[in-house]
Structure formats: C-alpha cells, structure tokens
Amino acid sequence: MEQSKERPGQEEHIPEDAVVYCDGLVKIYMSDGLKVMALQGLDLEIKRGEMTAIIGKSGSGKSTLLNMIGGLETPTAGRLFINGQDLSSLKEKEMVRYRKSAVGFVWQKSTRNLFPYMTVVENVEAPMLFAKGNDRKRRERAKMLLDEVGMLSHADKFPSQLSGGEQQRVAIAVALANEPSILLADEPTGAVDTKTSDKIFQLFRKLNADIGITILIVTHDISLADKVNRVIMISDGKISKEKVRRVASHAWNEGESHEEYVVMDRAHRLQLSEDVLEKAGISSNRVRLEAMDGKIIITPPKEEE
Ligand code: ADP
Ligand code: MG
Numbered sequence: 008m009e010q011s012k013e014r015p016g017q018e019e020h021i022p023e024d025a026v027v028y029c030d031g032l033v034k035i036y037m038s039d040g041l042k043v044m045a046l047q048g049l050d051l052e053i054k055r056g057e058m059t060a061i062i063g064k065s066g067s068g069k070s071t072l073l074n075m076i077g078g079l080e081t082p083t084a085g086r087l088f089i090n091g092q093d094l095s096s097l098k099e100k101e102m103v104r105y106r107k108s109a110v111g112f113v114w115q116k117s118t119r120n121l122f123p124y125m126t127v128v129e130n131v132e133a134p135m136l137f138a139k140g141n142d143r144k145r146r147e148r149a150k151m152l153l154d155e156v157g158m159l160s161h162a163d164k165f166p167s168q169l170s171g172g173e174q175q176r177v178a179i180a181v182a183l184a185n186e187p188s189i190l191l192a193d194e195p196t197g198a199v200d201t202k203t204s205d206k207i208f209q210l211f212r213k214l215n216a217d218i219g220i221t222i223l224i225v226t227h228d229i230s231l232a233d234k235v236n237r238v239i240m241i242s243d244g245k246i247s248k249e250k251v252r253r254v255a256s257h258a259w260n261e262g263e264s265h266e267e268y269v270v271m272d273r274a275h276r277l278q279l280s281e282d283v284l285e286k287a288g289i290s291s292n293r294v295r296l297e298a299m300d301g302k303i304i305i306t307p308p309k310e311e312e
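So the number in my numbering is just where the residue sits in the sequence shown, counting from 1, plus 7.
Below, the structure written as structure tokens:
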C-alpha cells in the first residue's frame, strides 16, 4: 500500500532535547486582498532549558512566530514540533489544553496579562481554575510563584496599584501558573524604562536557572541582546544571524560578549548581508565558491571588470 506523505523522504529526526523545532515554517496573511508572507520558511531549534532572545525589526515576523509556538496561529506551510509533538496533529480539545498549560505567555501590555478587577494573587490563581486542584493548593502555589518573582508582599493589591515593572513580574507569575514547559514573552519590556527592563531580564535569568524553564523572548530592542546567552536575529520572516554568548564572559552588561554567526538553513542556504558583500567588493549575483583548509572562500567571477 502506498502512503501519501506531505514531504516524501523527508521524515525528520527531531532531537530529544528540542523543545521547539520549526521546519520551513511559512505564514501567509491576506491583507486588503494582498498576500503578506510573515514567515518565509523559518527553521529554528530551541533546546530544553535555553533562554533565547529573538530580535528583529518591526514587521519581521516575531509575533507571528511566537503566536504559532503558543498555538494561537497555524502555519500556512511547514511543520512545528513542541516537545517532539507535531502541533498540527493536536485535536481541538488537546489544543485548548496545550494553550493553557504547555505554554505561558507574557505580553507587552499589562491589560492583556492581568484582569484589572482581580487582586494580584487572584490573577495568578485564575489560569489554575480550569485544572484540577482545590482552593487551598491554588492559593499556596500562587503565593509561592509571587514569592519567586518578588511580589508576595503585593498579593492583595490590584494591578492599577502597581508600577509597570511590578505588573510585568505578576504577569510572569501568571504565565508560570500551570507549570508550562515554555515561557513566551512578546516585547515584555516594551513599555518600561531601561532600569526596569534590566530587572525583568534578571528575573527571567533567575527563573531559567532556578526552575530550568525554557524561555523565548521576542523584541525589536537590539540592546537587549547582551542580556541573554543566545540571540537569534530574524529578518523578513527568516532567521538570519545568531549570536552565542562566549562562555568566559560573565558580566551581563558589557558589550562584545557574544560570538556572531550566520545561520545556514536546513537546505544549507545562507544569507550574506549587504554589509559583508560591500566590504568584500562583491556586487555580482554570481560568485565562485572554493573549499579549502576548513574554509569556504567566496569570490566574484573572474571575468568581471
Ligand atoms: P513583528 O512582531 O516582528 O513586528 P509580525 O509577526 O507582527 O511582526 O508581522 C509580520 C508581518 O505580517 C507584518 O508585515 C505584518 O503586517 C503582517 N501581519 C501580522 N499579522 C497579520 C494579520 N493578522 N493580518 C495581516 N497581516 C498580518
Ligand atoms: Mg510584534
């Protein structure tokens, strides 16, 4: 019997420790009768326990990617695996459960994170209401989480009585309520000042170290690149570059702490920046490749004047 597969011969091996595995993700939106390609065949792998920032200009596809990982959007093409499971294989009910407990979201706007008419501790309990458990246990866990984010002493206040940074701390506790395996944050420091933003990143790092949760933060703010170990650059709906923190550097506020790489996609394509091409004086759309001594050398065609 013949079996039809979407991509014959492409049965992929998903690494055991990959929490997020994107394979050629494409997302097309229709906008005023025009197709907008928000993701253009994006490949990405995030390992368990990693804290990663995805940085790119406005409109580069960051939110689309995060929403897809969070189960709020479905890909037009390509595949997305979370903890080894193909998200497209989930039935509707499983998808609802996935959104509520496998992932935790922190948004830029506090109104999207917190109910204004509930106290801080009630806000943290709210996502737990759909799961099993009793009131006492929920309260205990909510307080434990508030302690973890340094907000226990504000448990009985309302969100409007808190500063922007404090609201984001509570939002992080809310996102952690159902023990998600991934914490997703979309511009979490977009509405606070630099000092507060620093503290929020400190908190993300502490949670990452304390409970080992995988954290994915998207932002347009390039200065935040120094605050995490792994930085992925997204442009035009594709991963273009990656920066990895040098093991030896330990100060979180110094520049030049990361090694920069260009990312090769799964079909072995890589994108050369205008910058690099200009420096090398290459303007032709044809180049010569030569491999030698562990290097690949790119040169313009010989016949070019
Ligand atoms: P970012 O978060 O990096 O700013 P987005 O993922 O929000 O980028 O958007 C990527 C592209 O897709 C943009 O061109 C945006 O206008 C478009 N887009 C996003 N969401 C929608 C939508 N619901 N309908 C139509 N176009 C959209
Ligand atoms: Mg966005």
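All C-beta atoms in this analysis are idealised placements derived from N, C-alpha and C, irrespective of residue type, glycine included.
Let me make sure I understand the geometry here. Which of the options has the alpha-carbon closest to that of residue i?
{"i": "P195", "options": "E186, F211, N185", "result": "F211"}
{"i": "H265", "options": "E147, V238, D272, A287", "result": "V238"}
{"i": "S170", "options": "R145, V156, V199", "result": "V199"}
{"i": "G48", "options": "G63, D30, L41, M58", "result": "D30"}
{"i": "T203", "options": "L191, E173, K286", "result": "E173"}
{"i": "R106", "options": "L190, S65, S160", "result": "L190"}
{"i": "I89", "options": "I224, K164, I303, V26", "result": "V26"}
{"i": "S316", "options": "L94, M151, Q92, T126", "result": "Since the displayed the chain opens at 8 and closes at 312, residue 316 lies outside it and no answer follows."}
{"i": "V156", "options": "L214, L136, L94, K139", "result": "L214"}
How would you write the range of the alpha helix (DSSP H) that residue i sits in, first residue to last?
{"i": "R104", "result": "99-104"}
{"i": "M151", "result": "142-155"}
{"i": "R119", "result": "117-120"}
{"i": "Q209", "result": "201-217"}
{"i": "T71", "result": "69-76"}
{"i": "D282", "result": "281-287"}
{"i": "V131", "result": "127-132"}
Using a Cβ-based criterion (distance less than 8 Å to any ligand heavy atom), does residue i qualify as near the ligand MG?
{"i": "K69", "result": "yes"}
{"i": "D142", "result": "no"}
{"i": "V26", "result": "no"}
So what does residue i bridge to, in DSSP terms?
{"i": "H265", "result": "R252"}
{"i": "M299", "result": "K302"}
{"i": "A25", "result": "K54"}
{"i": "K34", "result": "L46"}
Closer than 8 Å: is that where the CB of residue i sits relative to any heavy atom of the ligand ADP?
{"i": "A287", "result": "no"}
{"i": "G40", "result": "no"}
{"i": "L231", "result": "no"}
{"i": "G66", "result": "yes"}
{"i": "I241", "result": "yes"}
Going by DSSP, what residue range makes up the beta strand (DSSP E) through residue i?
{"i": "G171", "result": "No beta strand (DSSP E) contains G171, which is instead part of the alpha helix (DSSP H) from 171-183."}
{"i": "L190", "result": "189-193"}
{"i": "R293", "result": "Premise fails: R293 is in no beta strand (DSSP E) and is neither H nor E."}
{"i": "I222", "result": "221-226"}
{"i": "S242", "result": "237-242"}
{"i": "G111", "result": "110-113"}
Got a sec: is the Cβ-Cβ distance from residue i to anything in chain C below 9 Å?
{"i": "D217", "result": "In summary, chain C is missing from the structure at hand, where a single protein chain is found."}
> Are at least three pairs of beta-carbons, each pair with one atom in the region 76-94 and one in the region 108-117, less than 8 Å apart?
Replying inline: yes
> Counting Cβ pairs closer than 8 Å, one from the region 179-188 and one from the region 125-134, do we hit at least three?
Replying inline: yes
>> Does the contact criterion of 3 or more C-beta pairs under 8 Å hold for the region 274-284 versus the region 91-107?
In response: no
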